[in-house]
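First comes the structure, then the notes that go with it.
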Amino acid sequence: MKQILPKITMMTKFPVKGYWFLPNHEENRIAGILNVEGDRFRLELFGSLNGNSHDEYLSSLEKEQSKNTPAIFGRGANGEGYSLLNCIPGASSLNLNSEFPLTSFIVGDIVAGCFLEDPNEAIFKKIRVQYSHLQEWLGFTGITRTSVDESGFSLEYKYPEPIAIAIDDQYKFTLNYKYDYQGKDQYRREINQDVFVDIESQISVSYLELSKQISLFCDFLSLATLSEVKVAAIKLFWNMKGEHEHNRPITLDVFLEPPLSYTPTVKHFSKFLFSFNQVDHLVKKLLENWLHMDGDLWPIRRYLIENIKPNNVFAVNNFLNIVQSLEGFHRRFRYAKQKGLSDRLLCLHDEFCHLSVISSAFVNKTEIFKQVVDSRHYYSHFYKKDSDDILDGKELYYVTKKIKLLLVACFLNQIGFDNDIIEVALTKV
Numbered sequence: 001m002k003q004i005l006p007k008i009t010m011m012t013k014f015p016v017k018g019y020w021f022l023p024n025h026e027e028n029r030i031a032g033i034l035n036v037e038g039d040r041f042r043l044e045l046f047g048s049l050n051g052n053s054h055d056e057y058l059s060s061l062e063k064e065q066s067k068n069t070p071a072i073f074g075r076g077a078n079g080e081g082y083s084l085l086n087c088i089p090g091a092s093s094l095n096l097n098s099e100f101p102l103t104s105f106i107v108g109d110i111v112a113g114c115f116l117e118d119p120n121e122a123i124f125k126k127i128r129v130q131y132s133h134l135q136e137w138l139g140f141t142g143i144t145r146t147s148v149d150e151s152g153f154s155l156e157y158k159y160p161e162p163i164a165i166a167i168d169d170q171y172k173f174t175l176n177y178k179y180d181y182q183g184k185d186q187y188r189r190e191i192n193q194d195v196f197v198d199i200e201s202q203i204s205v206s207y208l209e210l211s212k213q214i215s216l217f218c219d220f221l222s223l224a225t226l227s228e229v230k231v232a233a234i235k236l237f238w239n240m241k242g243e244h245e246h247n248r249p250i251t252l253d254v255f256l257e258p259p260l261s262y263t264p265t266v267k268h269f270s271k272f273l274f275s276f277n278q279v280d281h282l283v284k285k286l287l288e289n290w291l292h293m294d295g296d297l298w299p300i301r302r303y304l305i306e307n308i309k310p311n312n313v314f315a316v317n318n319f320l321n322i323v324q325s326l327e328g329f330h331r332r333f334r335y336a337k338q339k340g341l342s343d344r345l346l347c348l349h350d351e352f353c354h355l356s357v358i359s360s361a362f363v364n365k366t367e368i369f370k371q372v373v374d375s376r377h378y379y380s381h382f383y384k385k386d387s388d389d390i391l392d393g394k395e396l397y398y399v400t401k402k403i404k405l406l407l408v409a410c411f412l413n414q415i416g417f418d419n420d421i422i423e424v425a426l427t428k429v
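Everything in the sequence shown is counted per full-length UniProt numbering, starting at 1 for the first residue and increasing by one.
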């Protein structure tokens, strides 16, 4: 990795205007603008990275559209260096009367402050992340009001204790605090507390490996808060090696998504599936299981998170996704390959029927599961509607709520939750 140090350290603001080029091809620099487009980044170039002549552009067009570009480097107008990773070719155009084509890329990740030639290179040990809703989930504040009497009161701020969670022998997640004090004028004072997570590895790992941990913790927090969790800010720390080694790590700004243009609504802990206070004695085991079972849980993790969050619109796909997740869960974690859907549902019900919420929801389990099976076959396999057990409308909505309870129970149990916590969590679904 080649480090680019700007003359003045500045916060990255979009749009970024500059020159852009492929690694090891800085001689073919193309002017362009890196900007925010909805919930993603787009790089628009006044030319082609593969050459600006008509023949060069046309010959490279098919190749460029068929695969991602691993990295694009850039220099902003302020001298800052940028690495654009996981770039997907976007809309391009060529006017034969023009000297150059117009090209664009959808950009996945942005690392500001360096040229990261190989995202798989193991050179990092620490990354710091701020997430929306993390502060409400933890529920701690360092602000206290003291000395309250008729003459007034005093405010005191003291950092809450950091929470360090060791994950196996490699990773440590540390939840820590910072605050911002603003005295706008003599009549107004503001103390704003925020939380960040330091993800540290005992050995050097790649940027891609650290970004994977960011995504996994984001999903865990989304499940816990029943909310869409956004990554608000990321700092990547790099200890340079060699003759220019620094005593302190160099801090690089990372953007996985555009900066938040709004302040997320504060959500009360009573609306969470579970709060930190409920699982503080289990959080180490839960996170370890969550991270280690990533490959096994991935097919149903996103289905679950998306389908248990509050939603104003119900669609048949919500029902189908949950049924598929239950079927996949039983096959993957209960090691039963030959059972039909009805048998799988009955097995999972019998495993969790000791939970009062489950037993109450499935009083007529045989009838309910027949409705689930027939409805699934109808909507996914285009069977004829020749059964009274095929549901639609509000009946399908209510049976979806029931099987969603079963899926959440399966999921939380597999991660390592106690039965009493699962029981309480199911009342929030």
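We put the CB at the ideal spot given by N, CA and C, even for glycine.
With a 10 Å radius around its C-beta and 16 neighbouring C-beta atoms as the bar for buried, classify GLY32 as buried or exposed.
-> By the Cβ-count criterion, GLY32 is buried, with 16 or more other Cβ atoms from all chains shown falling within 10 Å of its own Cβ.
Over the uninterrupted beta strand (DSSP E) stretch that includes ILE123, give me the two end residues.
-> No beta strand (DSSP E) holds ILE123; DSSP gives it neither H nor E.
Are the segment 361-380 and the segment 390-405 touching, with three or more C-beta to C-beta distances below 8 Å?
-> yes
In the DSSP assignment, what residue or residues form a beta bridge with CYS347?
-> Bridge partners of CYS347: none, in fact.
According to DSSP, is GLU209 helix, strand or coil?
-> Under the three-state reduction of DSSP output, GLU209 falls in the helix class.
Look up THR225 in the DSSP assignment and say whether it is helix, strand or coil.
-> helix
Three-state secondary structure (DSSP) at residue 470?
-> Past the boundaries of the shown model lies residue 470; the chain is included only from 1 to 429, so the question cannot be answered.
Classify PHE105 as buried or exposed, calling it buried when 16 or more other Cβ atoms lie within 10 Å of its own Cβ.
-> buried
Span separating the alpha-carbon of PRO6 from that of ASN78 = Note that PRO6 scores a pLDDT of 46, beneath 50, so its modelled location is shaky; the value from the coordinates is reported in the next line. Looking at the two C-alpha atoms, the distance is approximately 7 Å.
When the Cα atoms are used, what is the spatial distance from GLU243 to GLY76?
-> In this prediction, GLU243 scores a pLDDT of 43, lower than 50, which makes its location untrustworthy; the coordinate-derived value is nonetheless stated afterwards. Near 27 Å, if we compare the C-alpha coordinates of GLY76 and GLU243.
Neighbourhood of PRO249 by C-beta distance below 6 Å, restricted to the same chain and skipping five residues each side = PHE237, TRP238, ASN239
Integer-rounded CB distance, given that GLN193 should sit under 8 Å from TYR181 | Wrong, their Cβ atoms sit about 10 Å apart, outside the cutoff.
When you compare only the Cα positions, how much space is there between PHE272 and GLY47?
-> If you take the alpha carbons of PHE272 and GLY47, they lie about 49 Å apart.
According to DSSP, residues forming a beta bridge with PRO89 | PHE105
Give me the Cβ distance between ILE110 and PHE217, rounded to the nearest whole Å; I'm assuming they're in contact under 8 Å.
-> Your pair ILE110 and PHE217 does not check out as a contact, with CB atoms roughly 20 Å apart and the cut at 8 Å.
Is it the case that the Cβ atoms of LYS284 and THR225 are separated by a distance below 8 Å?
-> no
Which residue or residues does DSSP assign as beta-bridge partners of GLY76?
-> GLY18
If you draw a straight line from the alpha carbon of ILE214 to that of GLN130, how long is it in whole angstroms?
-> 10 Å
Whose C-beta lies closer than 6 Å to the C-beta of ILE234 among residues of the same chain, with five residues either side of it excluded?
-> VAL129, VAL254
Going by DSSP, name the residue or residues bridged to GLN135.
-> DSSP, once it has assigned bridges, lists no residue as partnering GLN135.
How is the beta strand (DSSP E) around ASP149 delimited, first residue to last?
-> 143-149
Output the distance between the C-alpha atoms of HIS167 and TYR303, rounded to the nearest integer angstrom.
-> The identity of residue 167 in the sequence shown is Ile, whereas the question assumes His. If you take the alpha carbons of ILE167 and TYR303, they lie about 25 Å apart.
Cβ contact check for the segment 133-146 and the segment 201-213: 3 or more pairs under 8 Å | no
So what does DSSP say about LYS365, is it helix, strand or coil?
-> helix
Per DSSP, ASP185 is paired with what?
-> DSSP links ASP185 through a beta bridge to ARG188.
Report, in whole angstroms, the separation of the C-beta atoms of LYS158 and ALA164, which I expect to be a contact under 8 Å.
-> A Cβ-Cβ separation of about 18 Å leaves LYS158 out of contact with ALA164 under the 8 Å criterion.
Considering only the beta carbon of each residue, do PHE41 and PRO258 sit closer than 8 Å?
-> yes
Rounded straight-line distance, which links the Cα of LEU405 to that of ASP418 | 16 Å
Can you name the start and end residues of the alpha helix (DSSP H) that GLU288 belongs to?
-> 283-292
Inter-residue spacing [alpha-carbon to alpha-carbon] between LEU412 and LEU252 | In this model, LEU412 and LEU252 are separated by some 36 Å (Cα to Cα).
Please say whether CYS410 and LEU348 have beta carbons closer to each other than 8 Å?
-> Result yes, Cβ atoms of LEU348 and CYS410 sit closer than 8 Å.
In chain order, what residues of the same chain lie with their CB nearer than 6 Å to the CB of LYS428, ignoring the 5 residues before and after it?
-> LEU273
From VAL323 to TYR379, what does the alpha carbon distance come to, in whole angstroms?
-> 12 Å
Check ASP169 in the structure and name its three-state DSSP category.
-> Note: ASP169 maps to coil in three-state DSSP.
Neighbour-count burial assignment, SER151, 16 or more Cβ in a 10 Å radius = exposed
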